[in-house]
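Read the structure below first, then the notes.
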Amino acid sequence: MSFRTEIAIPPYDFGISHQDSIFSIGSCFAEAIGKRLQDNKFQTLSNPFGTIFNPISIFRLLKIALQIEQIDENLYIKNHEQVAYHYDFHSSWRDLEVDWLKTKITQKLSFISKFLEKSQFLLITFGTAWVYELKETGRIVANCHKMPASLFNKRLLCVDEILQDFESLQNILFDKKIILTVSPVRHLKDTLPLNAVSKSVLRLACHYLQEKYANVYYFPAFELINDDLRDYRFYAEDMLHINSQGEEYVWSKFTKACLHAKSQELIENWQKISARLAHQFFNKQTPTYQEFLQNTLKDLEKIATEIDVSAEIAHVQQLLSDSKPK
Numbered sequence: 078m079s080f081r082t083e084i085a086i087p088p089y090d091f092g093i094s095h096q097d098s099i100f101s102i103g104s105c106f107a108e109a110i111g112k113r114l115q116d117n118k119f120q121t122l123s124n125p126f127g128t129i130f131n132p133i134s135i136f137r138l139l140k141i142a143l144q145i146e147q148i149d150e151n152l153y154i155k156n157h158e159q160v161a162y163h164y165d166f167h168s169s170w171r172d173l174e175v176d177w178l179k180t181k182i183t184q185k186l187s188f189i190s191k192f193l194e195k196s197q198f199l200l201i202t203f204g205t206a207w208v209y210e211l212k213e214t215g216r217i218v219a220n221c222h223k224m225p226a227s228l229f230n231k232r233l234l235c236v237d238e239i240l241q242d243f244e245s246l247q248n249i250l251f252d253k254k255i256i257l258t259v260s261p262v263r264h265l266k267d268t269l270p271l272n273a274v275s276k277s278v279l280r281l282a283c284h285y286l287q288e289k290y291a292n293v294y295y296f297p298a299f300e301l302i303n304d305d306l307r308d309y310r311f312y313a314e315d316m317l318h319i320n321s322q323g324e325e326y327v328w329s330k331f332t333k334a335c336l337h338a339k340s341q342e343l344i345e346n347w348q349k350i351s352a353r354l355a356h357q358f359f360n361k362q363t364p365t366y367q368e369f370l371q372n373t374l375k376d377l378e379k380i381a382t383e384i385d386v387s388a389e390i391a392h393v394q395q396l397l398s399d400s401k402p403k
């Protein structure tokens, strides 16, 4: 007898390999999956804009990176702490002067744009459909940067609004595989009933985008946590974010559904080597330690034809040199 409904995800009609480039953007859940891809030696740029929750702001940053839109010069501000921010960017994009921030953004965007252009896969995670817009202009902001609440209106995006804003983006991204997810992280500030409304809007938008565009796919991260696991033990202490065990479960489903079989095998091999690299020897002046390093080096050299382990090879070579009897 089964006491749980496990979600079976058939493999997609593509397979992400270690030779592919993957660009991740969106909520903190996008960062969690992006980091796991990075840790497993995929060519990944994970949430370079920082945590961005709503679809409109995510799309705007992609358009800026792809030079479809220009940065709105009117959205640079200084808050009560006299720190410079831009309403379209995360609070980690800041400086003491607006001109310095402009330079920083220009420099960062150059790298982000190049990586995005060469990426074969784009992983987008929507966090919330609730947005804050400037009362003066109606412009949706990515972050309020602790500016007075009186400057903003809070409202719920509608599905059509999300679909329409994606349209111009799709004209540029048609040659990339776009994987959409809805973050299972709960937004308690909106209240749980209104959080459910928000997630419903996002899920509907993902459904219609997937139905309309052949290069758009949906990965059910939200459903894996809420309908498959359905247990508070997979949440962090705040009962809002997903803990490492929950993330690992979603990651295991993602690897089987989205990754190429060869890359799944490479991950297994790399994890074994990575565990050995983390192993600590108390006595490093023994033949046993030298043999351990030699075997690890051989394994790294074997896998080096498939993934970039040049830093690890250099590290082990240095350890070998340091541990040789003087």
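Read in order, the letters of the sequence shown are residues 78 to 403 in the numbering used here. Backbone N, C-alpha and C define an ideal beta-carbon position, used for all residues, glycine too. Keep in mind that this is a model prediction, so the values were computed, not measured.
Between which residues of its own chain and residue i is the CB-CB distance below 7 Å, once the five residues before and five after are set aside?
| i | result |
| --- | --- |
| F211 | Here residue 211 is Leu; the residue named in the question, Phe, does not match the sequence. Contacts found: V218, L228 and F229. |
| F136 | D242, F243 and L246 |
| E324 | A109 |
| L281 | V236 |
Using three-state DSSP, classify residue i as helix, strand or coil.
| i | result |
| --- | --- |
| F369 | helix |
| A161 | strand |
| Y290 | coil |
| T214 | coil |
| L317 | coil |
| W170 | coil |
| T202 | strand |
| E312 | The sequence given here places Tyr at residue 312; Glu does not occur at that position. Looking at Y312 - three-state DSSP - the assignment turns out to be strand. |
| T183 | helix |
| Y326 | helix |
| Y89 | coil |
| V262 | coil |
Sorted by chain position, which residues of the same chain lie with C-beta nearer than 6 Å to residue i's C-beta, five sequence neighbours on each side aside?
| i | result |
| --- | --- |
| Y209 | V218, C221, F229 and K231 |
| S134 | A219 |
| Q120 | S98 |
| L370 | V393, L396 and L397 |
| H264 | T205 and N272 |
| E389 | L377 |
| I350 | D376 |
Shorter than 7 Å, the distance from the beta carbon of residue i to the closest heavy atom of the ligand ADP, or not?
| i | result |
| --- | --- |
| Y290 | Among the components modelled here there is no ligand, and therefore nothing to report on the ligand ADP. |
Taking buried to mean at least 16 other C-beta atoms within 10 Å of its own C-beta, is residue i buried or exposed?
| i | result |
| --- | --- |
| N372 | exposed |
| Y309 | exposed |
| I84 | exposed |
| A206 | buried |
| S104 | buried |
| G215 | exposed |
| P270 | exposed |
Following the continuous beta strand (DSSP E) through residue i, name the residue where it begins and the one where it ends.
| i | result |
| --- | --- |
| G103 | S98 to G103 |
| Q120 | Q120 to S123 |
| N50 | Nothing about residue 50 can be reported from this structure: the residues present for the chain run from 78 to 403 only. |
Since residue i and residue j should fall inside the 8 Å C-beta cutoff, what is the C-beta to C-beta distance between them, to a whole number of angstroms?
| i | j | result |
| --- | --- | --- |
| K118 | W347 | 6 Å |
| L138 | L199 | Not quite, the Cβ-Cβ distance comes to about 12 Å (not below 8 Å), so this is no contact. |
| I182 | H163 | 7 Å |
| L317 | V262 | 6 Å |
Near residue i, which residues of its chain fall below 8 Å by C-beta distance, leaving aside the five closest residues on each side in sequence?
| i | result |
| --- | --- |
| Q287 | L257, V293, Y294 and Y295 |
| W177 | A161 |
| S94 | L336, H337, K339 and S340 |
| Q367 | L397, S400 and K401 |
| K333 | I86, P88 and Q341 |
| E108 | S101, S123, N124 and T128 |
| H284 | Y295 |
| V278 | A206, L233, L234, C235, V236 and I239 |
Please list the terminal residues of the continuous alpha helix (DSSP H) segment that includes residue i.
| i | result |
| --- | --- |
| K254 | Element bounds for K254: not the alpha helix (DSSP H) but the beta strand (DSSP E), K254 to V259. |
| K349 | A338 to A355 |
| K140 | P132 to A142 |
| I154 | Run containing I154: none in the alpha helix (DSSP H); it sits in the beta strand (DSSP E), Y153 to K155. |
| L246 | V236 to L250 |
| Q147 | Neither: Q147 is in no alpha helix (DSSP H) and is coded neither H nor E. |
| H392 | S387 to S400 |
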